[in-house]
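This report concerns only the one structure given below.
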Amino acid sequence: MTQSPLPRRQFLALGGIAAGASILAAEPASATSAVSNDRFTLPGYAFTLGVASGDPTPDGVVLWTRLAPDPLALDGLGGMPDRAVNVRWEVAEDERFRRVVRRGVERATASWGHSVHAEVRGLRPDRGYWYRFRVFDQVSPVGRTRTAPRPWTTLKSLTFAFASCQAYTDGYFTAFEHMAREDLDLVVHLGDYIYEGGGAGSIGRAHLPAVETFSLTDYRIRYAQYKLDPALRAAHAAAPWVVAPDDHDVENNWAGDHSQPDTEPDQDPAVFRLRRAAAYQAYYENLPLRASSMPRGPEMQVYRRLRFGDLLQLDVLDTRRFRDQQLTDQSLRWDPNRQMLGARQEAWLLAGLRASTARWNVLGNQIFAMEADHTDGAAETFGMDTWDGYAAARQRLFEGVAARRVENFVIITGDAHRSVAADLKLDFANPGSRTVGTEFLGTSISSGGNGTDMDALGVTWLAENPHMKFHNSQRGYQVCHLGRGEMRTDYRVVPFVNAPGAPVSTRASVYVQSGRPGVAHVSA
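Residue numbers (mature numbering (1 follows the signal peptide of the UniProt record, and there is no 0)): -31 to -1, 1 to 493.
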């Protein structure tokens, strides 16, 4: 098999994506794939929801699509019959598929929404590839992906974007349109891929179904609506994604087996687990996840570790499933028994950080870890859904990082609909205490509407929290450039989301020097 260097990613304005659940072994390109589908007629184009790839390894990647000729069908089945369908896939070294290097067949079943998750192996490390799917005489859009470098490979640089929070009713996904044009090795999505509430908003992008999602049918329709957005499809097709859910992917502010406390205080946890099972299944059906993350009822393996040469170890966290319920009395936030990650995940994380040989150790985290006093003056007010409500668990983590001498510790975070770059302190009450790392809080794609450069909360945060070095509350995404000597995060913003067509600009670039934890400087 010969390999030629591939040109860097191009912007692909691609159509839909379809996902399948059964995983079959990949065949070499020279093999003949025997595909036998009983003939029946699809009511339309099967790949309306686009294509995607994710969780790259040095020898492969997972490829995703979901068959949905009628994606918004009221039964949530996407217009597909209640029968299994064989879906062929191909991976090539060139976008015209003249040099196909792997191909295989996946069985897309009705029980998993006719989604496809093809775990491709046998590819070469740190290489770009193109992929596509076929069903009957229909061909999917073409996607672009990239394998990871081998863990021991010395890398000079790596570039990834991270994003979160894309409320369909709040704004257009213009930021994804610009992200698809970036020169990226990876995209990390940190949750709130969908929003579970009903409502129509004010810009003509009303949610479907028009009510809050509870059943698997509801969640499937909601995902289909989001994935029909061409900007989101383009961003998926341009680079491999690593994803993790947050609260709105199930229900706002859920914690463990507890539903949202302010709206359903008396809900039986068993009832909530049924809802979480439906939400988890729809999440898996619609995103490029491996079989190891396939949910089993209300349980799903979210936290995992990915390595990219000797430059990056990416630990993806689950900050919802194993946490204790949110407090109503913030004086209890230092209770040492309270958990954010749970004992098993916390031990897994610290052991992995101790053993890491990567230059940069990055946590993909759903809710911000830095302390954030929300009140001007001597009084202090903290949010109870963030790590501030689990202060003792945060302290254990930071002390564990310090004790293990973890170098270049960085947290990337979503959820808050605003951007902040901050030093992570062993003692936030003492500005002179040891800095153990840096947090890059990233804004939303569209949630919260247009936003502004600075708002009242931002003024308070910068005044009351000296470890915060930058703030902005516009919409957009972040691009992280990793090098051997420094990490630069560009905060990319759009001026509006209430209409399509917004331009993008870099509001600020924030630098961290290798071997010196904390923000080195901010270039506006």
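Where is the CB? At the ideal position from N, CA and C, for every residue including glycine.
Gly487 and Glu376 have their alpha carbons spaced roughly 11 angstroms apart. If you draw a straight line from the Cα of Asn334 to the Cα of Leu286, it is about 6 angstroms long. Non-local C-beta neighbours of Thr182 in its own chain, meaning closer than 7 angstroms and more than five positions away in sequence, comprise Glu165, Tyr188, Arg191, ordered along the chain.
DSSP places Ala432 in the helix class (H, G or I) of the three-state scheme.
Under the three-state reduction of DSSP output, Lys438 falls in the strand class. In this chain, Phe9 is not harboured by any alpha helix (DSSP H), its DSSP state being neither H nor E. The Cβ atoms of Tyr252 and Tyr195 lie no closer than 9 angstroms to each other. Cα atoms of Arg323 and Gln282: separation of roughly 12 angstroms, rounded to the nearest angstrom.
Residue pairing from DSSP leaves Ala362 without any beta-bridge partner. In the same chain as Arg387, and ignoring 5 residues on each side of it, the C-beta atoms closer than 6 angstroms to its own belong to Thr412, Ser442, in chain order. Rounded to whole angstroms, the separation of the alpha carbons of Ala398 and His205 is 41 angstroms. A direct Cα-to-Cα measurement between Glu64 and Ala207 gives close to 12 angstroms. Residues Asp279, Leu280, Asn377, Arg453, Ser483 of the same chain have their beta carbon placed closer than 7 angstroms to that of Arg328, with the five preceding and five following residues left out of the count.
Taken atom to atom, the span from the alpha-carbon of Ala203 to that of His217 is near 23 angstroms. Here Gln299 carries a helix assignment [DSSP, helix/strand/coil].
Per DSSP, the unbroken alpha helix (DSSP H) holding Ala207 starts and ends at 199 to 207. Rounded to the nearest whole angstrom, the CA to CA distance from Gln295 to Ala312 is 17 angstroms.
With the rule of 3 Cβ pairs closer than 8 angstroms, the segment 44 to 56 counts as touching the segment 72 to 89. Boundaries for Pro486: no alpha helix (DSSP H) harbours it, while the beta strand (DSSP E) harbouring it runs 485 to 492, taken from the DSSP string. By alpha-carbon distance to Ser492, the top candidate from Gly470, Phe439, Gln447 is Phe439. Note on geometry: alpha-carbon atoms of Leu431 and Ala132 lie some 23 angstroms from one another.
With contacts defined by Cβ atoms closer than 9 angstroms, Asp28 and Pro94 form a contacting pair. In the displayed model, Trp81 falls within a helix according to three-state DSSP.
Within the same chain, Cβ atoms closer than 8 angstroms to the Cβ of Arg276 are found at Ala117, Pro120, Gln282, Leu283, Ala327, the five residues on either side in sequence being excluded.
For Arg276, the enclosing beta strand (DSSP E) begins and ends at 273 to 277.
A straight line joining the alpha-carbon of Ala87 with that of Glu75 spans about 7 angstroms. Pairing Ala200 with Phe9, the inter-Cα distance amounts to about 32 angstroms.
Within the model, the alpha-carbon separation for Pro238 versus Arg292 is close to 14 angstroms. In the DSSP assignment, Trp99 falls within the beta strand (DSSP E) that extends over 97 to 104. Distances from the CA of Thr458 to each of Val70, Pro469, His490, Val479 were compared; the closest alpha carbon is that of Val479. Val271 and Ser402 have their alpha carbons spaced roughly 33 angstroms apart. Annotation for Pro469: Tyr141, Thr143 place their beta carbon closer than 7 angstroms to its own, counting only its chain and skipping 5 residues before and after. Between Leu258 and Val31, the gap from beta carbon to beta carbon is short of 9 angstroms. Looking at the DSSP output, Cys449 shares a beta bridge with Phe129, Thr458. If only complete runs of 4 or more residues are kept, the segment 108 to 161 shows the alpha helix (DSSP H) at 143 to 148, in order along the chain.
Distance from the CA of Ala130 to the CA of Ala260, rounded to the nearest whole angstrom, comes to 24 angstroms.
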